[in-house]
Amino acid sequence: MSAVHSDRPSGFSREVNFDGLIGPTHNYGGLAHGNLASHRNALAVSSPKQAALQGLEKMRTLIHLGYTQGFIPPQMRPDVNVLRALGFQGARNADLIQSVAEQAPELLAMVYSASSMWAANAATVTPSADSQDGKVHFTPANLLTTAHRAIEHEQTYHHLKVIFPSTQHFAVHPALPSIHRFADEGAANHTHLTAQYGQSGLGLFVYGRDHQTDLTQLKFPARQTLESCQALARQHQLPPEQAVYLQQSADAINAGAFHNDVVAVGNGPVLFFHEQAYVPASQQNAFNELSARMDFKPVCVPADQVSLEDAIKSYLFNSQLLAGPDGDMNNMRLIAPTECEENPAVAAYLKKLVQDQAQPIRHVTFVDVRQSMSNGGGPACLRLRVVLSNEELAAVNPAFILDNQKIDRLQDWVRAHYREHIAPSDLTDPSLMEESFKALRALSELLEIDHLYPGLPA
Ligand code: SUG
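Mapping of the sequence shown onto my numbering: residues 424 to 881, in sequence order.
Pasting the structure below:
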């Protein structure tokens with residue numbers, strides 16, 4: 424494909440993964456209907472300390488492999504502003520938590536959830552090579568399907584503005600209106616396909632429903648709509664001929680694929696996906712369009728080799744699919760959850776896959792993110808991908824780009840401030856709130872950013 428624009432920033436472009444730094448209140452609330460792991464582990468005891476350390480080790484793994492790695496800070500939790508907006512009162516925030524614990528304890532999990540860790544749902548991102556104004560576009564996802572996630576987007580917007588401050592290079596939009604028809608879950612359902620980073624490519628938007636979908640065939644919510652995808656493409660100034668829409672199958676949603684990235688992952692010209700991920704007619708149309716416009720390389724995993732059930736249990740498709748650190752699209756690596764190693768069908772498939780020279784996935788690295796996995800979030804859920812040119816990378820707030828020393832410092836911060844365990848009953852104890860706020864104040868100091876948490880009580 425030829426580049427649509429000629430006045431793009433020149434030089435090398437790469438994909439930067441910005442991982443969600445797992446917050447101090449990580450817990451298992453059982454809040455996400457249709458997410459089987461969240462349901463299975465509802466009300467289990469979590470380990471926020473382990474969770475955050477696992478997440479940071481994953482980031483370190485990517486740095487060791489030669490990639491540029493960034494992060495997005497955790498959100499302020501508990502979100503006391505939401506509780507006050509809901510009419511709860513208390514002279515001090517500790518009294519506020521106390522009164523919620525007495526009147527509506529079930530709401531505590533909603534405002535304590537550390538769900539912003541799953542940065543693949545933070546926003547949809549369009550690279551500058553694809554947008555007509557030549558900026559990188561971000562739209563925080565409204566996440567309106569679940570209550571604990573619907574409260575994320577305002578803080579996400581603020582954090583994206585802090586991380587990507589240059590209005591010359593970046594356009595950060597507010598979330599789409601929180602209207603059922605415009606339900607949006609962000610980059611988990613969007614893939615930027617391109618021959619090479621920095622070149623103009625195609626936006627592949629996957630959705631679960633549109634305004635005509637017969638919802639009675641769905642056991643679980645379809646969290647992304649066609650209408651939201653179309654709105655995102657418009658907002659990001661993606662030329663219509665560069666947008667491709669593809670519908671998830673009811674089978675996949677009903678089996679627990681609450682986001683597309685539970686049954687597919689793409690990068691460069693490659694889409695690695697499960698045979699039952701999509702509505703067959705929609706798949707045929709979309710793949711025809713993709714093939715007509717680029718050298719599209721689909722890699723289909725057949726159901727008789729990996730069942731939908733095994734794929735969802737192991738989170739095979741929630742692996743990060745990475746080009747070589749130099750951008751080599753023929754030398755790709757999967758960063759897969761350790762659960763894939765332990766699932767016999769998936770392990771056997773992966774062994775065969777990397778030996779198959781006809782496709783570009785050459786390596787697999789397994790990472791342990793079990794604390795996040797137990798809430799339905801694998802390696803790919805934990806990161807937001809942003810393709811950046813040299814010039815754009817230089818415009819990113821450097822506090823959010825990591826090296827080994829910074830990871831060490833963040834791990835020390837986690838060890839100093841995070842609990843070993845959180846049980847559901849701990850959410851009623853205001854001291855958990857005090858500890859969380861103290862940790863976030865310390866993070867602001869560590870990063871030397873005084874406006875990281877404008878709503879954080881002093
Ligand atoms: O939205 N889990 C998240 C997991 C998100 C995974 N992200 C991607 N697939 N990109 C969700 O379902 C569970 C929270 C709880 O139950 O405590 C939760 O929100």
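We put the beta carbon where it would ideally sit given N, CA and C, even for glycine.
It should be emphasised that the depicted structure is a prediction, and the values quoted were computed from it without experimental measurement.
Chain B contact for residue i (CB, 8 Å cutoff)
i: Gly747; result: Any reference to chain B falls outside this structure, which holds one protein chain only.
In DSSP terms, what residue i is bridged to
i: Ala594; result: His560
i: Gln743; result: Ile758
i: Gly493; result: Phe441 and Ile824
i: His697; result: Val724
i: Val810; result: Glu438
i: Leu625; result: Leu616
i: Thr448; result: DSSP output for Thr448 lists no bridge partner at all.
Three-state secondary structure assigned by DSSP to residue i
i: Cys723; result: strand
i: Ala803; result: coil
i: Val503; result: helix
i: Tyr630; result: strand
i: Gly510; result: coil
i: Ala426; result: Per-residue confidence for Ala426 stands at a pLDDT of 37, beneath the threshold of 50, marking its modelled position as unreliable; no derived number is given.
i: Thr568; result: coil
i: Val819; result: coil
i: Ile845; result: strand
i: Thr851; result: helix
i: Thr639; result: helix
Terminal residues of the beta strand (DSSP E) in which residue i lies
i: Leu531; result: Looking at the DSSP string, Leu531 is not in any beta strand (DSSP E); the run it does join, the alpha helix (DSSP H), is Glu529 to Tyr535.
i: Phe435; result: Premise fails: Phe435 is in no beta strand (DSSP E) and is neither H nor E.
i: Ala611; result: Taken as a continuous stretch (DSSP letters only), Ala611 belongs to no beta strand (DSSP E), as it is neither H nor E.
i: Asn690; result: Ala687 to Asn690
i: Ile784; result: Ile784 to Val790
i: Ala666; result: Ala666 to Gln670
i: Thr549; result: Ala546 to Thr549
Delimiting residues of the alpha helix (DSSP H) encompassing residue i
i: Val837; result: Asn827 to His840
i: His487; result: Pro471 to His487
i: His581; result: His576 to Ile586
i: Pro703; result: Pro703 to Arg716
i: His462; result: Leu459 to Arg463
i: Ile872; result: Ile872 -> no alpha helix (DSSP H), and no H or E assigned at all.
i: Asn677; result: Ala673 to Asn677
i: Gln794; result: Arg793 to Met796
i: Arg602; result: Contrary to the premise, residue 602 reads as Ile rather than Arg in this sequence. Here Ile602 belongs to no alpha helix (DSSP H), and DSSP marks it neither H nor E.
i: Asp751; result: Counting along the chain, Asp751 falls outside any alpha helix (DSSP H), and DSSP gives it neither H nor E.
Stretch pair the segment 641-648 + the segment 668-679: three plus CB contacts closer than 8 Å: yes
Contact between the segment 439-446 and the segment 654-671 (3+ Cβ pairs under 8 Å): no
Inter-stretch contact (C-beta, 8 Å, three-pair minimum) for the segment 780-787 and the segment 516-523: By the Cβ criterion, the segment 780-787 is not in contact with the segment 516-523, since fewer than three pairs of Cβ atoms, one from each stretch, lie closer than 8 Å.
Sufficient close CB pairs (3 or more, under 8 Å) joining the segment 708-722 to the segment 753-769: no
Segment contact flag, the segment 829-846 with the segment 767-775, C-beta cutoff 8 Å, min 3 pairs: no
Cβ contact (3+ pairs, closer than 8 Å) linking the segment 629-639 and the segment 581-590: no
The segment 494-503 in contact with the segment 861-878 per 3-pair CB rule at 8 Å: yes
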